[in-house]
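These notes are about the structure you will find just below.
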Amino acid sequence: MSAIEVEKNRVGETSSACKGNKHNMTTTPGDTQNHDPNPSAAPPGLPIPVSDLEVKYTKIFINNEWHDSSCGRKIPVYNPATGEKICEVEEGDEEDVDKAVKAAKEAFQLGSVWRRMDASDRGRLLNKLADLVERDQLILATMETIDSGKLFLIAYFVDLMAAIKTLRYYGGWSDKIQGRTIPVDGEYFTFTRHEPVGVCGQIIPWNFPLLMFIWKIAPALCCGNTVVIKPAEQTPLTALHMAALMKEAGFPPGVVNVVPGYGSTAGAAIASHMYIDKVAFTGSTEVGKLIKEAAGKSNLKRVTLELGGKNPNIIFADADLDHAVEQAHHGLFFNQGQCCLAGSRIFVEETIYDEFVRKSVERAKRRVLGNPFIPGVDQGPQIDKKQFDKILELIESGRKEGAKLECGGSPWGDKGLFIQPTVFSDVTDEMRIAKEEIFGPVQQIMKFKTLDEVIKRANSTHYGLVAGVFTQNINKALTIASSLQAGTVWVNCYNAMSSQCPFGGFKMSGNGREMGEYGLQEYTEIKTVTIKIPQKNS
Amino acid sequence: MTTTPGDTQNHDPNPSAAPPGLPIPVSDLEVKYTKIFINNEWHDSSCGRKIPVYNPATGEKICEVEEGDEEDVDKAVKAAKEAFQLGSVWRRMDASDRGRLLNKLADLVERDQLILATMETIDSGKLFLIAYFVDLMAAIKTLRYYGGWSDKIQGRTIPVDGEYFTFTRHEPVGVCGQIIPWNFPLLMFIWKIAPALCCGNTVVIKPAEQTPLTALHMAALMKEAGFPPGVVNVVPGYGSTAGAAIASHMYIDKVAFTGSTEVGKLIKEAAGKSNLKRVTLELGGKNPNIIFADADLDHAVEQAHHGLFFNQGQCCLAGSRIFVEETIYDEFVRKSVERAKRRVLGNPFIPGVDQGPQIDKKQFDKILELIESGRKEGAKLECGGSPWGDKGLFIQPTVFSDVTDEMRIAKEEIFGPVQQIMKFKTLDEVIKRANSTHYGLVAGVFTQNINKALTIASSLQAGTVWVNCYNAMSSQCPFGGFKMSGNGREI
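Quick note, the sequences are listed as chains A and B, same order. Counted from 1, the first sequence has number 542 at position 88 by the working numbering; the numbering is strictly sequential. Counted from 1, the second sequence has number 624 at position 98 by the working numbering; the numbering is strictly sequential.
Spelled out as structure tokens, the structure:
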């Protein structure tokens, strides 16, 4: 069936060019692939997106004020589903980063409002911010979809819900970050203080723009740090809206500063800045290496990195097959495959390989592409032309290297950066599609025979972010869970993320952990205080 | 040489200064282990070169050890990686048995305490009394401390949202490259290997080229204790070759370095350029020691003295910026100078000697150059300031008063017996001045006032703050630097 127009699924008024910063693409219907989107797919509680969304905030946010860029340039921001320009935002570079750092440093001075604030009040602010995000949930989800092309349903229920939960989670931690008293040898009394590190530079990606913003600022603020954060140049809009909400919530000036800009200018300035005490980066391994190198060359700032993955998902013959197929499908295709945790190396036990492939292909073919605002659409566009081209190039390499293209493999539609859901079978470990991060809707399915073999093959990569395993057998599950070099292992599930769980990579997938109690360690500096006392008693 | 008497400065050493329980050093110490230790076996170096090892108190050559370079590091990493494979003896060992091994190692160090203390003094020039009672005791305690932790490294179960059950495992990182300095050769060896082994990692460790002897003796003890082959590998070598190979190695999962900030930066850079190995760094310091007028003055003078002159001033935690409240400044300086002049220099084996030689000519020259800069920049040289004796690398205990913050001696790490005393007026002023440095390792404060003490403790950018004491280290206390004094915590 060819693509059809789905007028009947219109959820709003007709499309028109954006006027100024008003943008009413949000409710435009579009073509969809193969199948009608199923209107009943809209779960109860999903509201209608904001029509005529106004982008209010396009400037650099420093000291709770909006600034023009020093260089006078602007970044054009596009809607990847249509290719239309949404608006322009001020382009921050080294000079703007420097201003932001000055503000953040000032806000961190001893005696400042922020340093003197009760920890419980920091928690109160984070909870208040959560309330404001909840209030603006519809605006933010709409904005996120326009800016990044992700499904509105996912933006609203996954990204926004996770953002709100993360704010509340760390809001609860703020007055529970406890030092210890230590039974030291000798006539001394020792205690530790878990102090904030200082000015934190944070650089975030375009695949979960708002959620990554929250993942970065929430633990940092919870521990009492100040922040200079750079959203990705592709997706600055929700971060700037968040800046306004932070001011509204009552965070003091300078505590959070948002500088939109490019990685090679503003990002590099953050990594090398002599007055940034810690840098946290989510993005590619290639850039992560540059950031750690810059930290070494400049001031030994602390570094946490959340980088790429080529994550194994291991399906044993005793697994619930339909469940495994469904989870592996979502584990790869979620967010157009644009996830560092995409399960992009699916190892299937030999005896069920053919059936698994058949069902996976069937499942992929059922995927509906189209306007990410339409309920029932499963897949939106890729983020930009560069990623789009890279994905197609890797698909081509898979074909050439002898993998079997089961479905997809080409662009889709006549506007927007859509790629057909693609499945490769007969993939072998040395193929590029089995080694390189594709970051697109391309599923690789490999075959394995034994437990030892699959452990070895799964670990045979520089990456080590996450892994999945599907089996009913407890010994297989726990052997895999303890043997895989991965920061997270999912058993009979995939993408099961939650604020309470530490997240981060082994090997070249990262340094440090975010989320959970473990995430707090990355934003505190331990101080040991030892006091001479006349006499010790136990 | 070990028991040879020598000249001493100014005063006769007081023989009654030898505390009860200090044994006589080993005479005719035999250095048995001079090779590269990989897979529990001794190897010649790949390049065929050797490192000459000198006694800094006499300038005499003690022996030569095999010089490891990139190729030897690579062999050692292969062994460590093999020992860390899933299913290996080490990976399958009960955590309690790892603890048992560390405790057994502590027993062996205790058995060889006299040999190791003697060796440490010959090799590094540190006082035998200190080597025996401080370095060795701390090493033994650290081994037992981490021996106790090994089967108590617990993951958690986590109340995750949704229909899931989540637990965490705290797994070993893998192959750890460790690079240690010459000022506490044995103790730094233990600080590095004990937590690494406690958690189940494997190790490739490079002792400093100046002081490889106790590390090689420890290698033999580790084999004797029963650590499986490949778990700990010791590669003596130079920083620019073997050290650089560790920092850049693609199969080293974590690097831990203790040394200068300059080299620490290179190590973190190399980790970024190679494989994003995890990095911990313990680096330099220019540590403030703040003396308020209400402090017990004699106690403060004594603690500040030892806080600087301990181990010939060769400590990253030396209290080398002493801020004294204006009203007691002159008296503090007078008493500090008096105290420094009482210091006895000489053969580090003789009881009653307070100060041995500096480690090598390079450090010796650097210290004298910095002393000269202090003079030129207008600080008042109260005592010392020159070399001492006709052999060995001794420097007179040196005290500068009227030191101001912009002088080089107030900003640069001297790593020698040179004490800087500055004046301050107010609490806010001294906090600001104390924090006005890229370093942030440790700090001291002397006061009887609880508000001053706790204000300083919370305001100073330093990984450790001592109140009414200095150098009070213990295995139970985390140690590490803020800012450019380091990344991460040890102990």
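Beta carbons are placed, not taken as given, at the ideal position from N, Cα and C, and that holds for glycine.
| query | Taking C-alpha atoms, which residue in A:S937, A:N913, A:K981 lies nearest to B:A983? | reply | Cα-wise, what sits closest to B:A983 is A:K981.
| query | Whose C-beta lies closer than 7 Å to the C-beta of B:F836 among residues of the same chain, with five residues either side of it excluded? | reply | Apart from the 5 residues on each side of it in sequence, B:F836 sits with its Cβ closer than 7 Å to the Cβ of N997 in its chain, given in chain order.
| Status (buried if at least 16 other CB within 10 Å, exposed otherwise) for A:T719 | The residue in question, A:T719, is buried, as its Cβ has 16 or more Cβ neighbours within 10 Å.
| Counting only beta-carbon atoms, is B:K978 nearer than 8 Å to chain D? | Looking at the structure shown, chain D is missing, and the protein chains on hand are A and B.
| said: I need the straight-line Cα distance from A:E588 to A:C955, nearest angstrom please. | reply: One C-alpha to the other measures close to 22 Å.
| Pick from A:Y532, A:V733, A:M728: whose alpha carbon is nearest that of A:E968? | Residue A:V733 is the option with its Cα nearest to A:E968.
| query | Which same chain residues, not among the five before or five after A:Y972, have their C-beta less than 6 Å away from its C-beta? | reply | Hits under 6 Å: P956.
| field | B:D661 versus B:K861, B:N566, B:M999, residue with shortest Cα-Cα distance | value | It is B:M999.
| query | Using a Cβ-Cβ distance under 8 Å, would B:I684 count as near chain A? | reply | Yes, B:I684 counts as interfacial toward chain A.
| said: Closer than 8 Å between beta carbons: that is the criterion. Which residues of the stretch 988-1009 of chain B meet it against chain A? | reply: Taking a C-beta cut-off of 8 Å against chain A, the contacting residues of the stretch 988-1009 of chain B are A988, G989, T990, V991, W992, V993, N994, C995, A998, S1000, S1001, Q1002, C1003, P1004, F1005, G1006, F1008, K1009, listed in chain order.
| request: Check the Cβ-Cβ distances between A:C955 and every residue of chain B, and say whether any is below 8 Å. | output: Chain B, which has a Cβ nearer than 8 Å to the Cβ of A:C955, makes this yes.
| said: Just list the residues that DSSP pairs A:N965 with in beta bridges. | reply: Bridge partners of A:N965: A:L759.
| If the cut is a Cβ gap below 8 Å, which residues of chain A does B:K799 touch? | Those within 8 Å of B:K799 in chain A are K743, E747.
| message | Considering just the uninterrupted stretch of the beta strand (DSSP E) at A:T680, what are its terminal residues? | response | Per DSSP, A:T680 belongs to the beta strand (DSSP E) from 680-684.
| field | is_contact[B:S622, chain A] using C-beta, thresh 8 Å | value | No, B:S622 does not count as interfacial toward chain A.
| Rounded to whole angstroms, how far is the Cβ of B:Q829 from the Cβ of B:G942, which I believe are closer than 8 Å? | Contact between B:Q829 and B:G942 does not hold, since their C-beta atoms are separated by about 19 Å, which reaches or exceeds 8 Å.
| task | Please confirm if A:L564 has its CB atom under 8 Å from at least one CB of chain B. | result | Taking a beta-carbon distance threshold of 8 Å, A:L564 counts as an interface residue toward chain B.
| said: Please state whether the Cβ-Cβ distance between A:I934 and A:V920 is less than 8 Å. | reply: No. Outside cutoff.
| query | Would A:L754 count as contacting chain B if we go by Cβ distances under 8 Å? | reply | It does: the Cβ of A:L754 has a partner Cβ on chain B nearer than 8 Å.
| Closer than 8 Å, CB to CB, is B:R618 near chain A or not? | Not a single CB atom of chain A sits nearer than 8 Å to the CB of B:R618.
| Counting only beta-carbon atoms, is A:N929 nearer than 8 Å to chain B? | Judged by the 8 Å Cβ criterion, A:N929 is not in contact with chain B.
| task | Taking all protein chains shown into account, decide if B:F972 is buried (16 or more other Cβ within 10 angstroms of its Cβ) or exposed. | result | Under the 10 Å beta carbon count, B:F972 is surrounded by 16 or more other beta carbons and is classified as buried.
| request: Specify the secondary structure class of B:M948 as computed by DSSP and reduced to three states. | output: In the three-state scheme derived from DSSP, where H, G and I count as helix and E and B as strand, B:M948 is classed as strand.
| said: Quick check: B:S572 and B:A621, are their CB atoms within less than 8 Å of each other? | reply: Not in contact: B:S572 and B:A621 (Cβ atoms no closer than 8 Å).
| message | Could you tell me the alpha carbon to alpha carbon distance between A:R911 and A:V651, rounded to whole angstroms? | response | Straight-line measurement puts the Cα of A:V651 at about 39 Å from the Cα of A:R911.
| said: Check for me: the alpha helix (DSSP H) holding A:S841 runs from which residue to which? | reply: The amino acid occupying residue 841 of chain A in the given sequence is Gln; Ser does not appear at that position. Counting along the chain, the alpha helix (DSSP H) containing A:Q841 begins and ends at 839-854.
| Below 8 Å between beta carbons: does that hold for A:K604 and A:G834? | In this structure, A:G834 lies closer than 8 Å to A:K604 by Cβ.
| At which residues does the alpha helix (DSSP H) containing A:C676 begin and terminate? | Secondary structure note for A:C676: its alpha helix (DSSP H) is the uninterrupted segment 663-676.
| Interface partners of B:L802 on chain A, CB under 8 Å | Within chain A, the residues near B:L802 are T739, G742, K743, K746, L759, L761, K961, M962, G964, N965.
| request: Go through the stretch 705-787 of chain B residue by residue and report every complete run of the beta strand (DSSP E) that reaches 3 residues or more, in order. | output: As far as the stretch 705-787 of chain B is concerned, its whole beta strand (DSSP E) runs of at least 3 residues are 728-732, 758-760, 780-784.
| In whole angstroms, what is the alpha-carbon distance linking A:K559 and A:I514? | Rounded to the nearest angstrom, the gap between the Cα atoms of A:K559 and A:I514 is 17 Å.
| Quick one: what does DSSP say A:E979 is sitting in, helix, strand or coil? | Correct three-state label for A:E979: strand.
| query | With contact counted as at least three CB pairs below 8 Å, one residue from each stretch, are the stretch 1001-1011 of chain B and the stretch 806-813 of chain B in contact? | reply | Three or more pairs of CB atoms, one per stretch, sit closer than 8 Å, so the stretch 1001-1011 of chain B contacts the stretch 806-813 of chain B.
| field | Chain-ordered neighbours of A:D639 on chain B, where CB pairs are closer than 8 Å | value | Chain B residues near A:D639: K667, S1000, S1001, Q1002.
| Using a C-beta cutoff of 8 Å, does A:G970 count as contacting chain B? | Taking Cβ atoms only, chain B reaches closer than 8 Å to A:G970, which makes this a yes.
| task | Starting from A:M700, trace the alpha helix (DSSP H) both ways and give me its first and last residue. | result | Where A:M700 is concerned, the enclosing alpha helix (DSSP H) stretches over 691-703.
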